[in-house]
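>
Number of protein chains: 2
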Amino acid sequence: MSGAKGNLAVGQSGGPTVAINSSLCGVIQEARSHDEIGEIYGMVHGIEGLLKDRFIDLRRHPVEVIEGVRKTPSAALGTARYKVTPDDYERILEVLKLRNIRYIHYIGGNDSADTSLRLRKLASDAGYELHVIAVPKTVDNDLCVTDHCPGYPSAARFVTMAIRDTGRDTEAMGHYGPLKLLEIMGRNAGWLTAAAALAREEEGDAPHLVYLPERPVSIEQLVEDVKNCYEERGRVVIAMSEGAQEAPGKTFGEDYAPVDMDAFGHRMKGGVGEFVVALLRDRLGIKVRMDKPNYLQRSMMICASPVDLEEAYRVGREAVREAAAGRMEGMITLVRDPGPGYHCSLGVAALEEIANKEKKLPAEFMNEAGNYPTEAFLSYARPLIGGPLPPYTRLSKQFV
Amino acid sequence: MSGAKGNLAVGQSGGPTVAINSSLCGVIQEARSHDEIGEIYGMVHGIEGLLKDRFIDLRRHPVEVIEGVRKTPSAALGTARYKVTPDDYERILEVLKLRNIRYIHYIGGNDSADTSLRLRKLASDAGYELHVIAVPKTVDNDLCVTDHCPGYPSAARFVTMAIRDTGRDTEAMGHYGPLKLLEIMGRNAGWLTAAAALAREEEGDAPHLVYLPERPVSIEQLVEDVKNCYEERGRVVIAMSEGAQEAPGKTFGEDYAPVDMDAFGHRMKGGVGEFVVALLRDRLGIKVRMDKPNYLQRSMMICASPVDLEEAYRVGREAVREAAAGRMEGMITLVRDPGPGYHCSLGVAALEEIANKEKKLPAEFMNEAGNYPTEAFLSYARPLIGGPLPPYTRLSKQFV
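Order-wise, the sequence lines are chains U and V.
Quick note, the first sequence lines up with residues 26 to 425 if you use this note's numbering.
Quick note, the second sequence lines up with residues 26 to 425 if you use this note's numbering.
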């Protein structure tokens, strides 16, 4: 294109979410309105696509296809978990020059920000002009600087709905199934697990106990918590992070995983959920039912938060605007306005502040006992899932 | 109430669903319009509530609460899995007389139909006039006579959405996560697992393989199927019933469950899903990711089929109409009209035809290889989930 300064490449990285295609759509639609941007290339499977010179031409896709992608979960370009090393730098530079790529927007989390940072540095070292503005995305919500990460609110909405509905199921089962555990994504950060608490509308509602990696709780304490809760109300619904810990750095059940326990002579370690189910059955003599929705947490479009989809789109657009305006590097951030009401403005953080760093749930977001999020967390998270859930009701508990 | 012939008791039984409260609401709303029906009692936790004389007064609940219950998942009255025995008959008759209950509507599956049948017989033997018209409900869809069971279409819609969305997730992951297994409810009947196939819209879409109890497949065949599919397209999404079999009557992995494998010296048997994950890793050397949504399949209201909610409401109303019109026993059935278009009329089956019987997926609903439902099944199931899912799209796969 005449007048264009160079071409743009956009890629998706890490775990897909229901919102990452909204960001992709934001990048494409904004790019189309800038004369300095020539071709719009989609990196197929992220940085791997760049290394292999595998791009698709996003400018040639009809507007309605791009709009359709916005309503489609998962990563339309394909994603990657590849970590670039200095051995790749020469090849990367070769492809950047071959395709005259001057703008790169990599949509992802901390690892992807590391990739962006490396791209920026190798280009800078080679004297090759390259704008690298990353777009945040992760259901883990563990990126620094930004108020929250696109992808998180929708996964949080899934978790909220799941615990609310499976909680009603447990309530109806009475003594036929009084204990339930929902295992929730998040190996190192408990943001998603904490969101389970958004499901509670009335005293006694699920979840009753919430455990996550940042706040270790001893096995004895966990059993005691569940026992007390069970004796008090006859049922317990537990939201448990897949990375919940019994001591700092020590995931529940790590020591207990037997060796060679699977059918084929492999060491097979159950997750935290499986361990806690076995633990509680052993100590309390009660079967615990478990839901482990796993990848459904990040992929079920029907649970998407409208706030999330909109913000994901905005950060995508903003990344292109910043690059077109001359910024050389950074990641777009969400900056929560003081209120009243919920609104986020957009900002930019240096890639150095994001790459390979993790934002854990702050201490004040969990109660002293380490078994439930605080009101401070709920105030933070409530607006993100996009308004109240459809109302449910209960019959009176008064007997004739 | 003057002029009333007697009171009505309604109960919910077995596993909750998102539609069972619609049936409850149908029973209540219809009962309110019949002069011969006096009080409307809700049995708290099904037959247990009757045995314990624990009822709530549903006539005294405001109309908007009953309407609210209709939009609430799970069983608002509480459910039960109690099997009545002759030892209970005297007590049951005592409570029926005490409360002057002349109409019983028990909402549930085959076991609940057995309870209804026993109630009917004990009343008949005692010369106590009692109308027992059961209301069908089960996500397993395994009741005889009826075209399908309320509760099934919504769970089927959940499964369809889940496999479609987790399938997109798998597609985006490429070689970072090419194998996925969704474990689906149904120990003896594969109706719910088969519904996964409704997710496929284009050639190559998930699911790629579907296994269920009615159609055993040897371990060698399963491995071969997955291997072939993986070699062909680089990814495989498997829908697997929790009761899938390797030989008639033999669930996958039954023989392989090691003894004393859990942390506490208990025999702990993983489910079919865990076994197949270990099997495929062993034989193909590839990690298989698993989603096990378990109780979410029957409880997530956001996935409810509108067709299901409406039909569940209709069968509830019809049960009361039949009883008020003088019918002494039976279960309401859905009778599919010949078409064109989808519509069900209502019928009644004798309780004997339903109680303790199971309707398995017929042979013609699975392909010859036993690894995918046929078009005949899809035609049967497609209208139930309530219209097409929100459209998704894909980018072109043509490289620049």
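Glycine residues also receive a C-beta, built at the ideal position from the N, C-alpha and C atoms.
#1: Within the same chain, show all residues whose beta-carbon is closer than 8 Å to that of V:G411, passing over the 5 residues directly before and after it, in chain order.
#2: For U:A29, name the three-state secondary structure that DSSP assigns.
#3: Assuming contact is defined by CB atoms lying nearer than 9 Å, are V:A219 and V:M391 in contact in what I supplied?
#4: Please decide whether U:R258 counts as near chain V, where near means a Cβ-Cβ distance under 9 Å.
#5: Is U:M198 near U:Q322, with beta carbons less than 9 Å apart?
#6: On a CA-only basis, which of V:V345, V:D165, V:M186 is nearest V:E55? Give me that one, please.
#7: For U:L403 and U:A222, what's the separation of their Cα atoms in angstroms?
#8: How would you call U:G351, buried or exposed, if buried means at least 16 neighbouring beta carbons within 10 angstroms?
#9: Closer than 8 Å, Cβ to any Cβ of chain U: which residues of the stretch 395-424 of chain V, in chain order?
#10: May I ask you to list, following chain order, the residues of the stretch 86-101 of chain U that have a beta carbon less than 7 Å from some beta carbon of chain V?
#11: Suppose you measure from the CA of U:L234 to the CA of U:I263; what does that come to, to the nearest Å?
#12: Taking the alpha helix (DSSP H) that V:A401 belongs to, which residues open and close that run?
#13: Whole angstroms is fine: what's the gap from U:G355's alpha carbon to U:T185's?
#14: Would you kindly work out how many angstroms separate the C-alpha atoms of V:N381 and V:D136, rounded to a whole number?
#15: For V:R189, which residues of its own chain have a beta-carbon under 6 Å away from its beta-carbon, when the five flanking residues on both sides are left out?
#16: If I measure Cβ to Cβ from V:Y338 and keep anything under 8 Å in the same chain, skipping five residues before and after, which residues do I get?
#17: In this structure, what does DSSP give as the bridge partners for V:K205?
#18: Confirm, please, whether the CB-CB distance from V:A348 to V:I158 is below 9 Å.
#19: Have a look at V:L144 and V:D280 and give me their C-alpha separation to the nearest angstrom.
#20: How is V:Q54 classed by DSSP in three states: helix, strand or coil?
#21: Please return the same chain residues whose Cβ sits closer than 7 Å to the Cβ of U:T104, not counting the five positions on each side in sequence.
#22: Mapping the DSSP letters down to three states, classify V:V242 as helix, strand or coil.
#23: Determine, for U:Q246, whether the minimum Cβ-Cβ distance to residues of chain V falls below 9 Å.
#24: Report the partner residues of U:D82 according to the DSSP bridge assignment.
#25: Whose C-alpha, out of U:V160, U:E383, U:L309, is nearest the C-alpha of U:M249?
#26: Which ranges does the beta strand (DSSP E) cover as unbroken runs of at least 3 residues, wholly within the stretch 137-190 of chain V, from first to last along the chain?
#27: Assign V:V251 to buried or exposed, taking buried as 16 or more other Cβ atoms, counted over all protein chains shown, within 10 Å of its Cβ.
#28: Going by DSSP, name the residue or residues bridged to V:T276.
#29: Report the three-state DSSP secondary structure of U:H59 (helix, strand or coil).
#30: Quick check on DSSP: helix, strand or coil for U:T110?
#31: Check whether the stretch 301-316 of chain U and the stretch 158-175 of chain U are in contact - that is, three or more C-beta pairs closer than 8 Å.
#32: Express the C-alpha separation of V:S243 and U:G296 in angstroms, rounding to a whole number.
#33: Give, in chain order, every residue of the stretch 302-336 of chain V whose Cβ lies closer than 8 Å to some Cβ of chain U.
#34: Report buried or exposed for U:T24, applying the criterion of at least 16 other Cβ atoms within 10 angstroms of its Cβ.
#35: At a Cβ cut of 7 Å, what residues of the stretch 29-42 of chain V count as close to chain U, listed as they run along the chain?
#36: Which stretch, first to last residue, makes up the beta strand (DSSP E) that contains V:G133?
Looking at the atomic coordinates:
#1: Counting only Cβ-Cβ distances below 8 Å, and skipping sequence neighbours, we find P178, R182, S330, P331, V332, D333.
#2: Correct three-state label for U:A29: coil.
#3: Yes; because the gap between Cβ atoms is below 9 Å, this pair is in contact.
#4: So no, U:R258 is outside the interface.
#5: Contact annotation: U:M198 and U:Q322 have beta-carbon atoms that are not nearer than 9 Å.
#6: Comparing Cα positions, the closest option is V:V345.
#7: Taken atom to atom, the span from the alpha-carbon of U:L403 to that of U:A222 is near 7 Å.
#8: So U:G351 ends up on the exposed side.
#9: Legend: CB atoms of the stretch 395-424 of chain V lying less than 8 Å from CB atoms of chain U belong to residues P415, P416, Y417, T418, R419, L420, S421, K422, Q423, F424.
#10: Along the stretch 86-101 of chain U, going in chain order, the ones with a CB nearer than 7 Å to a CB of chain V are H86, V90, G93, V94, K96, T97, P98, S99, A100, A101.
#11: So the two alpha carbons sit approximately 5 Å from each other.
#12: V:A401 -> alpha helix (DSSP H) spans 400-406.
#13: So the two alpha carbons sit approximately 32 Å from each other.
#14: In a straight line, the C-alpha of V:N381 is about 6 Å away from that of V:D136.
#15: Taken in chain order, the residues that qualify are A224.
#16: A distance below 8 Å between beta-carbons, with the five flanking residues on each side excluded, links V:Y338 to the following residues of its chain, in chain order: S47, S48, C50, G51, R95.
#17: Beta-bridge pairing by DSSP links V:K205 to V:V262, V:R314.
#18: Yes; because the gap between Cβ atoms is below 9 Å, this pair is in contact.
#19: Those two C-alpha atoms are separated by around 41 Å.
#20: In the structure shown, V:Q54 falls within a helical segment according to DSSP collapsed to helix, strand and coil.
#21: Result list for U:T104: Q37, S38, G39, P41, H70, G71, in chain order.
#22: Note: V:V242 maps to coil in three-state DSSP.
#23: So, not an interface residue.
#24: Beta-bridge partners of U:D82 (DSSP): U:Y66.
#25: In the sequence as presented, Met is not what sits at residue 249 of chain U; that position holds Glu. Of U:V160, U:E383, U:L309, the residue nearest in Cα terms is U:L309.
#26: 156-161, all fully within the stretch 137-190 of chain V.
#27: Here V:V251 is buried: its Cβ has 16 or more other Cβ atoms, across all protein chains shown, within 10 Å.
#28: V:Q270, per the DSSP bridge assignment.
#29: Note: U:H59 maps to coil in three-state DSSP.
#30: Note: U:T110 maps to coil in three-state DSSP.
#31: As far as the Cβ criterion goes, the stretch 301-316 of chain U does not touch the stretch 158-175 of chain U, which means the pair count is below three.
#32: Distance between the alpha carbons of U:G296 and V:S243 is about 28 Å.
#33: Hits within the stretch, in order: A303, L304, R306, D307, R314, M315, D316, K317, P318, N319, Y320, L321, R323, S324, M325, M326, I327, C328.
#34: The requested residue 24 of chain U is not part of the displayed model; chain U covers only 26 to 425.
#35: Answer in chain order: P41.
#36: Annotation for V:G133: the continuous beta strand (DSSP E) segment containing it runs 126-133.
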